[in-house]
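Undergrad: Sending over a structure as structure tokens; questions will come in a sec.
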Amino acid sequence: MGNLTPQIGDIFALNNKQYRVYPTAYSLRLRRVGAGRHTMGKYHAMPFHTLRGKQIVIIGGTSGLGLATARMALEAGAHVYLGGRSPARLMAALATLGRGARGETIDVASEASVNAFFAPLDGIDHVAITAAQIAPAPLLHGDMAALRVNMASRFWGAVYALRAAVPKMAAEGSLVLTSGMITRRPSPGKSIAAAAASAVETLAHSLVGELAPRRINVISPGPMDTPLLAQATGGDPEALRAIAARLPLRRLGQPESYARSALFAMANPDLNGEVLHLDGGAAWG
1 MGNLTPQIGD
11 IFALNNKQYR
21 VYPTAYSLRL
31 RRVGAGRHTM
41 GKYHAMPFHT
51 LRGKQIVIIG
61 GTSGLGLATA
71 RMALEAGAHV
81 YLGGRSPARL
91 MAALATLGRG
101 ARGETIDVAS
111 EASVNAFFAP
121 LDGIDHVAIT
131 AAQIAPAPLL
141 HGDMAALRVN
151 MASRFWGAVY
161 ALRAAVPKMA
171 AEGSLVLTSG
181 MITRRPSPGK
191 SIAAAAASAV
201 ETLAHSLVGE
211 LAPRRINVIS
221 PGPMDTPLLA
231 QATGGDPEAL
241 RAIAARLPLR
251 RLGQPESYAR
261 SALFAMANPD
271 LNGEVLHLDG
281 GAAWG
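According to UniProt numbering, the sequence shown is numbered sequentially starting from 1.
Next up, the structure:
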């Protein structure tokens with residue numbers, strides 16, 4: 001289909017068959033013309049066409065949610081610039097992703113590190129931030145250094161990134177921040193982590209007018225099948241299964257679900273100031 005930008009209702013010919021464009025929650029797809037109501041025909045997933053050729057920066061892109069987002073962005077034809085704390089994980093991620101991906105180390109809790117990360121970049125179209133540290137500690141008796149980690153990485157890290165990135169962004173660009181189900185379903189020992197995630201959502205809401213015409217949205221995931229969750233459970237498969245069993249859908253969320261939502265937020269020109277909840281109903285179940 002070359003450089004054509006498909007519109008809903010358009011008809012394309014593929015392999016001597018005709019397909020009509022129709023919308024889904026995350027993208028446009030093709031449905032074979034003439035397929036019966038109960039025989040829908042073969043589906044052909046179409047990429048996020050508006051992201052082709054765009055420069056997408058993903059902070060926390062070396063594993064889990066960020067790496068899945070980077071992979072899907074590359075599949076959509078975007079150029080990806082990754083950031084992560086670990087040089088080893090960064091190199092491994094870049095080797096996995098291959099051409100079209102570049103990156104540099106970054107410590108989101110350090111304003112100087114964030115500024116240095118963004119310094120060589122220009123013409124940024126979209127930024128996604130998944131990096132954060134969660135340091136559980138009781139409010140009254142927990143170590144203050146551990147409590148500060150939650151705000152330093154989740155909230156202040158987002159603030160540093162916004163200040164460094166926005167002046168280098170295209171007017172039609174967007175930002176995707178990450179909070180978490182903990183904002184709606186906090187648990188003992190994670191009060192500051194919940195406060196940090198809630199602060200990210202409030203920050204996004206408050207910046208809609210200030211950042212316009214650039215857009216800003218937040219994704220709030222529930223328990224996801226990521227290395228971070230595995231690390232939090234000590235790598236115990238039984239612990240992961242127990243977490244999944246307590247969820248309404250009886251399974252952990254997948255990083256690819258987050259990635260689709262992140263690209264949806266980037267590609268949808270009318271989505272602004274929203275929080276997309278990806279917890280499978282766990283906040284209520």
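Cβ atoms here follow ideal geometry from the backbone N, Cα and C, with glycine treated the same way.
Could you check the C-alpha separation between Leu276 and Gly103 for me, to the nearest Å?
TA: Spanning the two alpha carbons is a distance of roughly 27 Å.
Undergrad: Pull up the distance between the alpha-carbon of Met266 and that of Leu211, whole angstroms please.
TA: For Met266 and Leu211, the distance between alpha carbons rounds to 15 Å.
Undergrad: Let's test the definition: count the other Cβ atoms within 10 Å of the Cβ of Gly280 and tell me whether it reaches 16, buried, or not, exposed.
TA: Burial call: buried.
Undergrad: At the level of alpha carbons, what is the spacing between Pro213 and Ala245?
TA: Each residue's alpha carbon lies about 43 Å from the other.
Undergrad: Helix, strand or coil, according to DSSP, for Arg215 in the structure here?
TA: Of the three classes helix, strand and coil, the one that applies to Arg215 here is strand, per DSSP.
Undergrad: Does the Cβ of Gln55 have 16 or more other Cβ atoms within 10 Å, making it buried, or fewer, making it exposed?
TA: So Gln55 ends up on the buried side.
Undergrad: Under three-state DSSP, which class holds Ala132?
TA: Coil, per DSSP.
Undergrad: For Met202, which three-state DSSP category applies?
TA: Checking the displayed sequence, the identity of residue 202 turns out to be Thr instead of Met. DSSP places Thr202 in helix when its eight states are reduced to three.
Undergrad: Report buried or exposed for Ser86, applying the criterion of at least 16 other Cβ atoms within 10 angstroms of its Cβ.
TA: It is exposed - the Cβ of Ser86 has fewer than 16 other Cβ atoms within 10 Å.
Undergrad: Rounding to the nearest angstrom, what Cα-Cα distance links Gly98 and Ile124 in this structure?
TA: Their Cα atoms are separated by approximately 20 Å.
Undergrad: Starting from the Cα of Ala88, find the closest Cα among Asp143, Ala112, Ser63 and give me that residue.
TA: Closest option to Ala88, Cα to Cα, is Ser63.
Undergrad: Three or more beta-carbon pairs under 8 Å between the region 253-264 and the region 198-212, yes or no?
TA: Result no; under three Cβ-Cβ pairs closer than 8 Å.
Undergrad: Compute the distance between the beta-carbons of Gly189 and Pro223, then report whether it is under 8 Å.
TA: No, the Cβ-Cβ distance between Gly189 and Pro223 is not below 8 Å.
Undergrad: Which residue or residues does DSSP assign as beta-bridge partners of Arg52?
TA: Per DSSP, none; premise fails for Arg52.
Undergrad: In chain order, what residues of the same chain lie with their CB nearer than 6 Å to the CB of Met151, ignoring the 5 residues before and after it?
TA: Cβ within range, chain order: Ala196.
Undergrad: If you draw a straight line from the C-alpha of Ile58 to the C-alpha of Val127, how long is it?
TA: Taking the straight line from one Cα to the other gives about 6 Å.
Undergrad: Measure the C-alpha to C-alpha separation of Gly61 and Gly180 and round it to an integer number of angstroms.
TA: For Gly61 and Gly180, the distance between alpha carbons rounds to 17 Å.
Undergrad: Less than 8 Å separating the beta-carbons of Leu51 and Gly83?
TA: Their beta carbons are not under 8 Å apart, which means Leu51 does not touch Gly83 by this criterion.
Undergrad: Kindly indicate the opening and closing residues of the beta strand (DSSP E) around Ser174.
TA: Here the beta strand (DSSP E) through Ser174 covers 169-178.
Undergrad: Locate the beta strand (DSSP E) running through Arg102, then write down its first and last residues.
TA: 101-105 is the extent of the beta strand (DSSP E) around Arg102.
Undergrad: Compare the C-alpha of Ser113 against each of Ala158, Asp225, Met91, Met72 and name the closest.
TA: Residue Ala158 is the option with its Cα nearest to Ser113.
Undergrad: From this set, Asn115, Ala92, Asn272, which residue's C-alpha is nearest Leu67's C-alpha?
TA: The shortest C-alpha separation from Leu67 is found at Ala92.
Undergrad: For the beta strand (DSSP E) containing Gly273, name the first residue and the last one.
TA: Per DSSP, Gly273 belongs to no beta strand (DSSP E) and is neither H nor E.
Undergrad: Take Trp284 as the anchor and find which of Asp107, Arg154, Thr183 has the nearest alpha-carbon.
TA: When only C-alpha atoms are compared, the closest one is Thr183.
Undergrad: Taking Thr178 and Ala232 to be in contact with their CB atoms under 8 Å, please state how far apart those CB atoms are, rounded to whole angstroms.
TA: Thr178 to Ala232, Cβ: 16 Å. No contact.
Undergrad: Apart from the five residues just before and just after Asp122, which ones in its own chain have a Cβ nearer than 6 Å to its Cβ?
TA: The residues are Lys168.
Undergrad: Can you give me the Cβ contacts of Arg154 inside the same chain, cut-off strictly under 7 Å, excluding the 5 residues immediately before and after it?
TA: Taken in chain order, the residues that qualify are Ala132, Ala196, Ala197, Val200.
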